[in-house]
Amino acid sequence: EVTEEEEEEGKKSNKHRGGAKNAGGATGDDRAVAEARRNAREVRMLAVRFLGGVFHRHPSFDFTRYWPMILAAVGPMAARMAAESSNAIPPPALAVVASLAADDRLAPLL
Numbered sequence: 001e002v003t004e005e006e007e008e009e010g011k012k013s014n015k016h017r018g019g020a021k022n023a024g025g026a027t028g029d030d031r032a033v034a035e036a037r038r039n040a041r042e043v044r045m046l047a048v049r050f051l052g053g054v055f056h057r058h059p060s061f062d063f064t065r066y067w068p069m070i071l072a073a074v075g076p077m078a079a080r081m082a083a084e085s086s087n088a089i090p091p092p093a094l095a096v097v098a099s100l101a102a103d104d105r106l107a108p109l110l
């Protein structure tokens with residue numbers, strides 16, 4: 001995920017390159033960065049939903065070795081889960097939490 005600091009750096013470097021602005025004031029680089037951020041968000045969302053499916057389908061697998069990486073990836077999404085739960089589409093982290101909670105062997109990971 002791109003931080004605000006990285007985004008500002010990108011904007012500064014674009015000004016130095018003299019990026020051409022369109023009628024709306026956005027440069028081609030700005031649009032490319034925005035599209036890349038949307039694509040990255042979509043990939044993260046799909047990956048987390050897939051991870052929830054893996055937990056659900058393979059509860060006997062020992063995920064202990066992978067848990068630190070999983071937590072690092074899902075943690076920020078889980079922190080936003082309460083705020084996003086009112087949306088029409090359930091947050092992706094909810095699939096992971098539901099899968100973990102559904103099986104006694106995985107529930108301790110919560």
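Letter by letter, the sequence shown follows residues 1 to 110 in the working numbering. We put the CB at the ideal spot given by N, CA and C, even for glycine.
For residue i, count neighbouring Cβ atoms within 10 angstroms of its own Cβ and tell me buried if that reaches 16, exposed if not.
i	result
Pro-116	As shown, the chain starts at 1 and ends at 110. That puts residue 116 outside it, with no answer to give.
Phe-50	exposed
Leu-46	exposed
Pro-91	buried
Gly-52	buried
Ser-86	exposed
Phe-61	exposed
Ala-40	exposed
Ala-93	buried
Leu-106	buried
List the endpoints of the continuous alpha helix (DSSP H) containing residue i.
i	result
Pro-92	92 to 102
query: Taking the runs of the alpha helix (DSSP H) that are 4 residues or longer, which of them lie wholly in the region 43 to 84?
result: 67 to 84
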